[in-house]
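Colleague: In order, the protein sequence lines correspond to chains E and A. In terms of this note's numbering, the first sequence opens at residue 1 and continues consecutively. In terms of this note's numbering, the second sequence opens at residue 1 and continues consecutively.
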Amino acid sequence: MKDLIEIRWHGRGGQGAKTASLLLADAAFNTGKYIQGFPEYGPERMGAPITAYNRISTNPILIHSNIYEPDYVVVVDDTLLESVDVTSGLKEDGAIVINTTKDKDYLINVLHGYNGSIYAIDARKVSLETLGKYFPNTPMLAAIVKVANIMEEKDFLEDMKGSFKHKFAKKPEVIEGNMKALELALKEVQKIK
Amino acid sequence: MGIRERLSGNEAAAIAMKQINPDVVAAFPITPSTEIPQYFSTFVSNGSVDTEFVAVESEHSAMSACVGAEAAGSRAMTATSANGLSFMWEMIYIASSLRLPIVMSLVNRAVSGPLNIHNDHSDAMGVRDSGWIMLFSENNQEAYDNLIMAHRIAENKDVLLPLMVCQDGFITSHSIENIELIEDDKVKEFVGTYKPEHYLLNDKEPMAIGPLDVQSYLFEHKYQQAQAMRNAKKVIADVAKDFEKMTGRKYSFFEEYKMEDAEIAVVCMNSTAGTAKTVVDDLRNKGVKAGLVKVRVFRPFPTEEIANALGNLKAVAIMDKADSLNGAGGALFEDVTSAMYVNKKQVPAVSYVYGIGGRDVTSNDIHEVYEYLQNVANTGEIDNPYRYVGLRV
Numbered sequence: 001m002k003d004l005i006e007i008r009w010h011g012r013g014g015q016g017a018k019t020a021s022l023l024l025a026d027a028a029f030n031t032g033k034y035i036q037g038f039p040e041y042g043p044e045r046m047g048a049p050i051t052a053y054n055r056i057s058t059n060p061i062l063i064h065s066n067i068y069e070p071d072y073v074v075v076v077d078d079t080l081l082e083s084v085d086v087t088s089g090l091k092e093d094g095a096i097v098i099n100t101t102k103d104k105d106y107l108i109n110v111l112h113g114y115n116g117s118i119y120a121i122d123a124r125k126v127s128l129e130t131l132g133k134y135f136p137n138t139p140m141l142a143a144i145v146k147v148a149n150i151m152e153e154k155d156f157l158e159d160m161k162g163s164f165k166h167k168f169a170k171k172p173e174v175i176e177g178n179m180k181a182l183e184l185a186l187k188e189v190q191k192i193k
Numbered sequence: 001m002g003i004r005e006r007l008s009g010n011e012a013a014a015i016a017m018k019q020i021n022p023d024v025v026a027a028f029p030i031t032p033s034t035e036i037p038q039y040f041s042t043f044v045s046n047g048s049v050d051t052e053f054v055a056v057e058s059e060h061s062a063m064s065a066c067v068g069a070e071a072a073g074s075r076a077m078t079a080t081s082a083n084g085l086s087f088m089w090e091m092i093y094i095a096s097s098l099r100l101p102i103v104m105s106l107v108n109r110a111v112s113g114p115l116n117i118h119n120d121h122s123d124a125m126g127v128r129d130s131g132w133i134m135l136f137s138e139n140n141q142e143a144y145d146n147l148i149m150a151h152r153i154a155e156n157k158d159v160l161l162p163l164m165v166c167q168d169g170f171i172t173s174h175s176i177e178n179i180e181l182i183e184d185d186k187v188k189e190f191v192g193t194y195k196p197e198h199y200l201l202n203d204k205e206p207m208a209i210g211p212l213d214v215q216s217y218l219f220e221h222k223y224q225q226a227q228a229m230r231n232a233k234k235v236i237a238d239v240a241k242d243f244e245k246m247t248g249r250k251y252s253f254f255e256e257y258k259m260e261d262a263e264i265a266v267v268c269m270n271s272t273a274g275t276a277k278t279v280v281d282d283l284r285n286k287g288v289k290a291g292l293v294k295v296r297v298f299r300p301f302p303t304e305e306i307a308n309a310l311g312n313l314k315a316v317a318i319m320d321k322a323d324s325l326n327g328a329g330g331a332l333f334e335d336v337t338s339a340m341y342v343n344k345k346q347v348p349a350v351s352y353v354y355g356i357g358g359r360d361v362t363s364n365d366i367h368e369v370y371e372y373l374q375n376v377a378n379t380g381e382i383d384n385p386y387r388y389v390g391l392r393v
């Protein structure tokens with residue numbers, strides 16, 4: 001991992017992109033890193049496009065602005081691809097990770113010739129198989145951890161188990177499904193370019 | 001050695017309040033400070049504090065309840081933002097003139113209108129002459145540390161003034177970042193027990209609080225308030241020394257970043273200072289002698305110290321996250337420039353208004369300010385001292 005990696009999340013209100021960015025910050029924090037996890041608050045409502053950010057660094061993080069030249073971009077909802085410039089400023093030695101079932105040609109075309117790597121995962125399928133409901137943020141969290149090589153998969157899963165125990169203290173029945181969603185997502189995310 | 005944690009600025013403020021365990025917290029929710037009383041009320045209900053939590057129906061009542069609680073002889077805290085502070089306005093002045101050391105978390109947000117829930121400093125600037133001590137915080141760590149130091153400053157018998165700890169709404173209040181917490185027992189010992197000298201519930205000393213103060217007294221009482229504010233400087237410095245002994249973290253009236261040989265510098269407050277430090281590093285790598293002064297103690301204003309810190313520069317920009325709409329420049333700009341004039345420091349100075357209503361403040365914005373300062377330093381010319389950065393015109 002580089003000294004500093006910057007990640008931008010694009011999602012829609014209610015899909016948990018903010019929560020995912022906070023969980024990612026948590027996981028990286030537990031590996032000893034300096035972290036930032038913050039959403040860009042707009043007029044919040046279900047379904048509206050939202051942005052969230054992560055900085056993960058080996059050194060204390062001083063900057064307090066949004067991220068304009070991310071190393072990685074995570075797209076939690078592929079209906080955003082045609083309305084939001086998701087690759088804006090995205091570094092070409094980085095990557096974009098998209099929750100989608102669209103084919104390679106469509107993705108290359110809709111990303112306006114982005115030259116970096118493109119990863120895809122069907123987070124809906126993963127979520128429905130493991131949780132029985134559509135919560136795309138858990139699979140997308142696993143996908144970005146793998147693509148950005150933020151930590152060892154084993155350590156990540158171990159750490160998330162602890163986080164879920166805390167987060168879902170009042171509904172422990174969903175912990176197992178969320179853990180399965182992470183495990184499956186680590187396998188399902190594919191580099192398509 | 002402290003506890004390594006990751007918390008949002010609001011969580012950090014709530015944890016500080018938990019460790020302080022005040023007698024009374026009275027608060028009304030308002031974005032972006034809502035989470036502070038929200039988290040704190042869970043501490044109350046799960047018994048980790050024994051605070052009386054007063055869920056009032058407005059901010060005016062929140063401050064009134066704090067005034068009543070402090071006057072009665074207890075330690076009171078609250079949190080608010082923007083219009084919540086506006087609604088407290090009347091009681092803000094009552095609190096300071098009654099010399100009640102209430103401590104507030106002010107999570108800075110633009111005061112309406114038009115309606116905007118995002119960060120700037122217009123709320124804090126509106127109460128800058130209200131007789132409250134005002135500390136500003138770059139990040140969650142400083143918001144936490146300033147709160148831990150707050151009661152020791154406010155309750156000192158030479159001070160007895162209310163104190164607010166400011167941090168940037170959303171930018172730090174809602175951002176999860178690393179923080180080093182202090183152990184509960186150390187905080188408890190550091191903050192100490194509140195022992196007011198005069199208080200309403202002391203049956204051995206019956207007293208009235210807040211009666212009519214006529215022509216023959218108000219002037220003297222205002223003088224005493226002003227004197228208390230002047231006294232606060234020494235107390236703030238003393239408390240910071242003790243805090244440094246406990247944590248190793250050093251706090252002054254302001255932080256000087258790479259100022260030793262600086263030729264140009266920016267003065268600002270809160271989260272922008274962090275971004276500006278990265279720009280200073282960048283400029284230093286390019287051989288530009290840039291520096292930064294981050295004001296922590298805004299009230300009392302450290303006039304002489306700041307004038308000395310800036311006195312040898314070739315140009316300085318003072319950045320205000322609130323436009324005073326006075327046709328002359330921001331509030332921090334006016335304080336800094338008048339401090340320099342009175343202390344006979346002649347440095348070309350410009351006012352930059354920035355980041356209004358949550359406009360993101362980028363390193364490019366800060367670079368633009370330093371570029372202008374380089375120009376001023378080279379030519380000695382200022383075409384317009386009342387400037388904006390990040391504004392679409």
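C-beta atoms are modelled at their ideal positions from N, C-alpha and C, and glycine is treated no differently. The structure displayed is predicted, hence computed values, not measured ones.
Kindly give me the distance between the Cβ atoms of residue 296/A and residue 135/A, rounded to whole angstroms, as I take these residues to be in contact under 8 Å.
Modeller: Numbered from its first residue, the second sequence carries residue 296/A at position 296. Numbered from its first residue, the second sequence carries residue 135/A at position 135. Right, their Cβ atoms sit about 6 Å apart.
Colleague: Are the stretch 47 to 65 of chain E and the stretch 160 to 180 of chain A touching by the rule of at least three beta carbon pairs closer than 8 Å?
Modeller: yes
Colleague: Determine, using beta carbons only, whether residue 389/A and residue 369/A come nearer to each other than 8 Å.
Modeller: In the second sequence, the residue the question calls residue 389/A occupies position 389. In the second sequence, the residue the question calls residue 369/A occupies position 369. Closer than 8 Å, so yes.
Colleague: So that I know if they touch, is there some Cβ in chain E lying closer than 8 Å to that of residue 390/A?
Modeller: Here the question's residue 390/A lines up with position 390 in the second sequence. Under the Cβ distance rule, residue 390/A does not count among the residues neighbouring chain E, no pair being separated by less than 8 Å.
Colleague: Please classify residue 323/A: is it buried, with 16 or more other beta-carbons within 10 angstroms of its beta-carbon, or exposed?
Modeller: Counting from 1 along the second sequence, the entry for residue 323/A is found at position 323. Flag for residue 323/A reads buried.
Colleague: Taking the alpha carbon of residue 155/E as the point to measure from, which residue in 73/E, 129/E, 26/E and 6/E has its own alpha carbon closest?
Modeller: Position 155 of the first sequence, counted from the start, is the residue given in the question as residue 155/E. Checked all of 73/E, 129/E, 26/E and 6/E; the closest Cα to residue 155/E is 26/E.
Colleague: Go ahead and pull the three-state DSSP assignment for residue 265/A.
Modeller: Along the second sequence, read from residue 1 onward, the residue named residue 265/A stands at position 265. Three-state DSSP puts residue 265/A in a strand.
Colleague: Please report whether the beta-carbon of residue 137/E lies at a distance below 8 Å from any beta-carbon of chain A.
Modeller: Here residue 137/E corresponds to residue number 137 of the first sequence, with the count starting at 1. So, not an interface residue.
Colleague: For residue 186/E, which residues from the same chain have a beta carbon less than 6 Å from its beta carbon, with the 5 sequence-adjacent residues on both sides left out?
Modeller: By one-based count along the first sequence, residue 186/E stands at place 186. Cβ-Cβ distances below 6 Å link residue 186/E to 142, 146 and 153 in the same chain, with the five nearest sequence neighbours on each side left out; the list follows chain order.
Colleague: Assuming residue 384/A is part of the beta strand (DSSP E), what are its boundary residues?
Modeller: Residue 384/A sits at position 384 when you count from the first residue of the second sequence. Here residue 384/A belongs to no beta strand (DSSP E), and DSSP marks it neither H nor E.
Colleague: Start and end of the beta strand (DSSP E) containing residue 299/A?
Modeller: One-based indexing of the second sequence puts residue 299/A at position 299. Counting along the chain, the unbroken beta strand (DSSP E) around residue 299/A starts and ends at 297 to 299.
Colleague: Compare the Cα-Cα distances from residue 328/A to each of 12/A, 121/A, 222/A and 350/A and report the closest residue.
Modeller: For the purposes of this step, residue 328/A is taken as residue 328 along the second sequence, with counting starting at 1. The shortest CA-to-CA distance from residue 328/A to any of 12/A, 121/A, 222/A and 350/A is the one to 350/A.
Colleague: Quick one, are the C-beta atoms of residue 239/A and residue 163/A less than 8 Å apart?
Modeller: By 1-based counting over the second sequence, the position of residue 239/A is 239. By 1-based counting over the second sequence, the position of residue 163/A is 163. It is not a contact, given that the beta carbons lie outside the stated cut-off.
Colleague: Anything in chain E within Cβ reach of residue 170/A, meaning under 7 Å, just list it in chain order.
Modeller: As a working mapping, residue 170/A is identified with position 170 in the second sequence. By Cβ distance, chain E contributes 41.
Colleague: Taking a cut of 9 Å between CB atoms, which residues from the stretch 63 to 75 of chain E lie near chain A?
Modeller: Taking 9 Å as the Cβ-Cβ cut-off against chain A, the residues of the stretch 63 to 75 of chain E that qualify are 63, 64, 65, 66 and 68.
Colleague: Which runs of the beta strand (DSSP E) fall wholly inside the stretch 48 to 72 of chain E and span at least 3 residues, in chain order?
Modeller: Secondary structure within the stretch 48 to 72 of chain E: the beta strand (DSSP E) runs of 3 or more consecutive residues, fully enclosed, are 49 to 57 (chain order).
Colleague: Do you know whose CA, among 90/E, 40/E and 139/E, lies nearest residue 183/E's CA?
Modeller: The count along the first sequence starts at 1 and reaches residue 183/E at position 183. The candidate whose alpha carbon is nearest that of residue 183/E is 139/E.
Colleague: Let me make sure I understand the geometry here. Which of 100/A, 42/A and 3/A has the alpha-carbon closest to that of residue 195/A?
Modeller: Start at 1 with the first residue of the second sequence, and residue 195/A comes out as number 195. Taking only the C-alpha atoms, the option nearest residue 195/A is 100/A.
Colleague: For a cutoff of 8 Å on Cβ pairs, would you count residue 80/E as touching chain A?
Modeller: Looking up residue 80/E in the first sequence gives position 80. Taking CB atoms only, residue 80/E has no neighbour in chain A less than 8 Å away.
Colleague: Any idea what DSSP makes of residue 46/E, helix, strand or coil?
Modeller: In the first sequence, counting from the first residue as 1, residue 46/E sits at position 46. Here residue 46/E sits in coil by DSSP.
Colleague: With residue 357/A and residue 178/A assumed to form a contact (beta carbons below 8 Å), what rounded beta-carbon distance in angstroms separates them?
Modeller: Within the second sequence, residue 357/A is the residue found at index 357, counting from 1. Within the second sequence, residue 178/A is the residue found at index 178, counting from 1. With a Cβ gap of about 28 Å, residue 357/A and residue 178/A do not count as contacting.
Colleague: What is the DSSP secondary structure of residue 175/E, counted as helix, strand or coil?
Modeller: Position 175 of the first sequence holds residue 175/E. Three-state result, residue 175/E: helix.
Colleague: Rounded to whole angstroms, what's the CA-CA distance from residue 78/A to residue 62/A? Just pull it up for me.
Modeller: Here the question's residue 78/A lines up with position 78 in the second sequence. Here the question's residue 62/A lines up with position 62 in the second sequence. Distance between the alpha carbons of residue 78/A and residue 62/A: 7 Å.
Colleague: For a quick check, are the C-beta atoms of residue 313/A and residue 265/A less than 8 Å apart?
Modeller: Within the second sequence, numbered from 1, the residue matching residue 313/A stands at position 313. Within the second sequence, numbered from 1, the residue matching residue 265/A stands at position 265. Yes.
Colleague: Please compile the residues from chain E whose C-beta is within a distance smaller than 7 Å of the C-beta of residue 360/A.
Modeller: As a working mapping, residue 360/A is identified with position 360 in the second sequence. Ordered by position in chain E, the residues that pass the 7 Å Cβ test against residue 360/A are 65 and 66.
Colleague: With DSSP collapsed to three states, give me the class of residue 146/E.
Modeller: Locating residue 146/E in the first sequence gives position 146, counting from the first residue. If DSSP states are grouped into helix, strand and coil, residue 146/E belongs with the helices.
Colleague: For the stretch 265 to 292 of chain A, which residues have a beta carbon sitting closer than 8 Å to at least one beta carbon of chain E?
Modeller: 271, 272, 274, 275, 277 and 278
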